[in-house]
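These protein sequence lines are chains S and Z, in that order. Numbers in our numbering are just positions in the first sequence, counted from 1, shifted up by 165. Numbers in our numbering are just positions in the second sequence, counted from 1, shifted up by 165. Yeah, the Cβ is synthetic: ideal placement off N, Cα and C, and Gly gets one too.
Protein chains: 2
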Amino acid sequence: MATDLDTHLRLKAECFQVTGSFKPRGAFNAVLSLVDRTGSPAHPSHPAGVIAVSSGNHAQAVALAARTVGLPALILIPDDANPAKVAATRALGAEVIQKGITFANREQRLREVMAERGFSLVHPFDDWDVIHGQGTAAMEMLEDEPAIEVIATPVGGGGLLSGSAIAAKSHSGSIKVIGVEPETADDAYQSWKTGSVQTLPMAPVTLADGVRTTAIGQRNFEVMFANRLVDEIVTVTEEEIASALRVGWTRLHIALEPTGALPLAAHLSGKLTKGRTGLVISGGNANLETVAKLLTHP
Amino acid sequence: MATDLDTHLRLKAECFQVTGSFKPRGAFNAVLSLVDRTGSPAHPSHPAGVIAVSSGNHAQAVALAARTVGLPALILIPDDANPAKVAATRALGAEVIQKGITFANREQRLREVMAERGFSLVHPFDDWDVIHGQGTAAMEMLEDEPAIEVIATPVGGGGLLSGSAIAAKSHSGSIKVIGVEPETADDAYQSWKTGSVQTLPMAPVTLADGVRTTAIGQRNFEVMFANRLVDEIVTVTEEEIASALRVGWTRLHIALEPTGALPLAAHLSGKLTKGRTGLVISGGNANLETVAKLLTHP
């Protein structure tokens with residue numbers, strides 16, 4: 166969509182996507198591909214169900230994709246997650262396991278539950294089907310606006326950014342692809358600078374709660390930096406994120422979540438390469454207490 | 166736009182319009198028509214400028230339309246208006262007079278200033294050019310979705326509703342056109358029931374601050390009820406408006422203003438005729454304190 170903020174700016178507002186974020190693009194591509202590859206339910210490796218670990222948008226996306234193809238979905242959500250997100254995931258028909266799940270032990274619990282049930286994992290970012298699915302947002306934006314010269318997306322684990330980079334560079338080799346992350350969660354920036362995957366010592370504290378992953382995935386690194394499909398990683402301050410969120414809600418009238426505001430924050434603070442710019446606004450599932458505070462106490 | 170709330174529902178989200186509401190449609194049509202009718206600035210009745218009385222969305226719309234054609238704009242805004250809206254109007258190049266302007270004396274002051282300056286009035290609703298301009302929102306929605314059977318819009322002075330009714334009935338005589346207003350501001354409902362313009366004794370108290378006008382206009386009455394282009398007026402409670410606003414912000418991710426939530430409130434509370442429904446979400450310039458309260462204390 167266009168805005169009156171800047172006539173050269175285009176937004177792909179993924180908050181208007183089903184479940185309120187871009188995540189169903191990857192989840193649907195992964196779940197449908199799983200089913201396609203094994204043919205009928207009678208096939209010996211047809212998945213018995215799918216499993217995901219997420220406290221956020223990926224959980225709802227996998228639940229919806231699984232329900233759509235008629236597979237059971239099991240989602241592991243840390244004990245301290247937002248109850249609204251847990252309820253939304255259950256409302257989409259998924260089984261949720263929360264008891265005893267922590268940020269630290271969730272990978273271990275995941276492997277145990279996968280072994281018990283024989284369910285297939287839908288990884289939130291380090292998966293080719295997920296990466297290709299996430300790339301369709303940028304692909305659609307470029308179909309609508311083929312002259313875009315700069316594309317910016319948030320970067321957490323790197324699913325959206327690596328998918329966008331593949332889509333953008335196959336549209337035109339000269340498009341600049343930029344990932345935006347919070348200063349406090351600069352693992353992608355460090356990985357770009359050092360040329361190897363860098364891991365943060367702990368989950369970072371940031372308004373942008375969708376990018377608290379401590380490291381990008383191996384496949385994402387491969388696309389983004391090993392194959393140089395991403396041109397730059399830009400970091401923004403918490404103040405810049407808050408300010409972009411306010412501009413989004415009050416000027417653009419898009420109820421975006423802080424993570425979705427990352428590319429807008431980079432644009433507004435002049436940190437992006439100049440040119441016709443397309444921003445992927447990744448989602449709108451904001452914590453309302455946080456947003457209410459940011460809107461009324463700037 | 167479509168939503169995942171209801172597959173048969175379509176929204177015309179006018180919060181994404183320049184200045185954040187549908188009002189520029191009527192203001193541009195009125196200002197451009199004024200200029201067109203008189204030809205060049207040398208014509209004796211070419212307007213010296215335009216004038217409007219508004220504390221809200223109409224002020225910014227007239228300011229933008231006048232600036233676009235190079236005419237001065239003078240806006241009378243009551244003394245107690247929201248300073249943010251005054252600043253936004255000034256930022257669009259309009260002169261604002263606030264000193265001594267009250268809700269009660271503003272019509273009188275308007276006539277005095279018009280006589281002094283020789284400026285032409287752009288009425289917010291009781292004006293054919295404004296009515297025809299406002300109708301383009303429904304016209305565009307019907308171009309996108311020709312099968313719509315029910316159209317609902319907010320009704321204050323009746324500019325949007327009467328324009329929408331003309332557009333909708335010329336598209337198809339069988340479309341139902343419904344105006345939605347707050348229970349506490351039911352002058353259009355009373356005018357519909359009695360068959361003559363009814364005036365509220367004072368500006369009503371409602372969350373929907375865009376429809377606090379005490380009576381619909383004469384031309385609006387003529388279109389809506391004398392010529393029966395509007396089928397029904399529906400009223401909604403303050404609780405229904407608040408609830409629709411929350412659904413808009415949290416489920417649809419559209420940062421709409423309470424007035425813009427009126428048709429959604431009528432839809433969600435089951436008060437609209439059944440069928441493929443199109444709602445005109447009239448704007449997004451919400452008072453942030455109000456919205457923050459509604460979002461966090463449901």
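Any idea if K250/Z is buried or exposed, counting beta-carbon neighbours within 10 angstroms, 16 or more meaning buried? Buried: at least 16 other Cβ atoms inside 10 Å.
Less than 8 Å between the beta carbons of T400/Z and P366/Z, yes or no? no
With a CB to CB cut of under 6 Å and the five nearest residues on each side skipped, what residues in its chain are close to I296/S? G324, S327 and G328
What residues in its chain sit with their C-beta under 6 Å from that of T203/Z, if we drop five residues either side in the sequence? S210 and H211
Same chain, Cβ closer than 8 Å to T364/Z, neighbours up to 5 away in sequence not counted: Excluding sequence neighbours, T364/Z sits near D352, T379 and A380.
With 7 Å as the C-beta to C-beta threshold (strictly closer), list the residues of the stretch 180–191 of chain Z near chain S in chain order. C180, F181, V183 and G185
Hey, is H418/S's beta-carbon within less than 8 Å of any beta-carbon in chain Z? yes
Identity of the residue in L229/S, R255/S, V218/S and V234/S nearest P243/S by Cα: It is V218/S.
What's the C-alpha gap between A259/Z and S198/S? 57 Å
Who are the near neighbours of I419/Z in its chain, counting only those whose CB is closer than 8 Å to its CB and skipping five residues on each side? L176, A178, C180, G413, I446 and G449
Delimiting residues of the beta strand (DSSP E) encompassing K458/S: No beta strand (DSSP E) holds K458/S; the alpha helix (DSSP H) holding it covers L453 to T461.
Taking contact to mean at least 3 C-beta pairs separated by less than 8 Å, is the stretch 426–439 of chain S in contact with the stretch 262–272 of chain Z? In short, these stretches do not touch, since the Cβ pair count stays below three.
How many Å lie between G361/Z and L307/S at the Cα? The sequence given here places Ser at residue 361/Z; Gly does not occur at that position. Taking the straight line joining both Cα atoms gives about 53 Å.
DSSP-derived helix/strand/coil call for K188/Z: helix
Would you mind telling me which residues of chain Z sit closer than 7 Å to W414/S, beta carbon to beta carbon, in chain order? A420
Completely contained beta strand (DSSP E) runs for the stretch 385–412 of chain Z, where each covers 3 or more residues: 397–401
Compile a chain-ordered list of the residues in the stretch 444–455 of chain Z whose CB is closer than 9 Å to at least one CB of chain S. G448, G449, N450, A451, L453 and E454
For A280/S and chain Z, any beta-carbon pair shorter than 8 Å? Taking Cβ atoms only, chain Z never reaches closer than 8 Å to A280/S, which makes this a no.
Proximal residues to A253/S (C-beta, below 7 Å), its chain only, five neighbours per side dropped: Q225
Suppose only complete runs of 3+ residues qualify. What are the beta strand (DSSP E) ranges in the stretch 333–379 of chain S, listed by chain order? Those beta strand (DSSP E) runs which fall completely within the stretch 333–379 of chain S and span 3+ residues are 341–347.
In chain Z, what lies closer than 8 Å to D169/S by C-beta? V183 and T184
Cα-Cα separation between V196/Z and F284/Z, rounded to whole angstroms: Note on geometry: alpha-carbon atoms of V196/Z and F284/Z lie some 12 Å from one another.
Cβ of M166/S less than 8 Å from any chain Z Cβ? yes
Under three-state DSSP, which class holds G221/Z? Here G221/Z carries a coil assignment [DSSP, helix/strand/coil].
Output the distance between the C-alpha atoms of Q355/Z and F187/S, rounded to the nearest integer angstrom. Rounded to the nearest whole angstrom, the CA to CA distance from Q355/Z to F187/S is 46 Å.
Which residues in chain Z sit within 7 Å of T461/S, going by Cβ to Cβ distance? T461/S reaches chain Z at L453, E454 and A457, counting residues in chain order whose Cβ is nearer than 7 Å.
C-alpha gap between R465/S and L372/Z, whole angstroms: Nothing can be reported for residue 465/S: it is not among the residues displayed for chain S, which extend from 166 to 463.
Over the uninterrupted beta strand (DSSP E) stretch that includes G443/Z, give me the two end residues. T442 to I446
From what residue to what residue does the beta strand (DSSP E) around L174/Z run? L174 to A178
Enumerate in chain order the residues of its own chain whose CB-to-CB distance from Q273/S is below 7 Å, with the five nearest sequence positions on each side excluded. Result list for Q273/S: empty, nothing under 7 Å.
Please determine, among V342/S, I343/S and G300/S, the residue with the shortest C-alpha to C-alpha distance to A332/S. G300/S
Applying the 10 Å Cβ sphere with the 16-neighbour rule, what's the burial state of N270/S? By the neighbour-count rule (16 or more Cβ atoms within 10 Å), N270/S is not buried but exposed.
For N392/Z, count neighbouring Cβ atoms within 10 angstroms of its own Cβ and tell me buried if that reaches 16, exposed if not. Burial call: exposed.
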